[in-house]
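With my numbering applied, the sequence shown corresponds to residues 18 to 160, in that order.
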Amino acid sequence: MTMGDLPAVMAIERATFPLDAWSEGMMRGELAEMPRTRHYVVVLVNEEIVAYAGLAAAADQADVQTIAVLDKHQGTGIGGAMLTELLAEARRRGALEIFLEVRADNPRAQAVYRHFGFEDIGTRRRYYDDGTDAIMMRRKLDD
18 MTMGDLPAVM AIERATFPLD AWSEGMMRGE LAEMPRTRHY VVVLVNEEIV
68 AYAGLAAAAD QADVQTIAVL DKHQGTGIGG AMLTELLAEA RRRGALEIFL
118 EVRADNPRAQ AVYRHFGFED IGTRRRYYDD GTDAIMMRRK LDD
């Protein structure tokens with residue numbers, strides 16, 4: 018992902034996360050940390066950005082910062098492909114485990130993460146702006 022991708026990325030962000038979308042300033046801040054502690058990717062279909070994902074990594078831990086896929090492209094494997102790339106990047110950077118938070122009211126995303134070996138490790142109460150809890154998940158990367 019580059020700064021030039023931000024208009025398309027922000028449109029996907031607002032469409033995918035209408036209740037708690039990141040601001041463009043937050044996304045710019047993330048990209049400013051590439052490649053030092055961040056790794057962000059986009060997916061193109063017919064030269065259109067239809068998805069993006071980001072990873073934060075430091076020392077032996079990594080965090081999935083975000084994954085978003087336009088609604089009409091969900092269920093096509095794009096999200097799984099991006100998650101696979103984030104896991105590979107975390108390993109390349111020497112992470113031993115990777116964490117994420119997912120909305121408690123998003124069972125579809127939770128199922129994808131569990132399919133990829135993530136396990137629930139706790140709950141962050143009222144984590145999201147609308148008061149929804151976040152499920153905290155972790156996957157060890159030595160397997």
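A virtual CB, placed ideally from N, CA and C, is assigned to each residue, including glycine. From a predicted model like this one, the values you see are computed outputs, not experimental measurements.
For Gln78, the closest alpha carbon among the candidates Thr149, Arg109, Ala70 is that of Arg109. Excluding sequence positions up to five before and after Asp159, its CB lies within less than 7 angstroms of the CB of Leu113, all in the same chain and listed in chain order. Rounded to whole angstroms, the gap between the alpha carbons of Ile29 and Arg155 is 26 angstroms. Non-local beta-carbon contacts of Arg45 in its own chain, meaning distances under 6 angstroms to residues more than five positions away in sequence, are absent. Under DSSP, the beta-bridge partners assigned to Met154 are Leu117, Asp137. Assigned with DSSP and collapsed to three states, Glu65 falls in strand.
DSSP places Gln127 in the helix class (H, G or I) of the three-state scheme.
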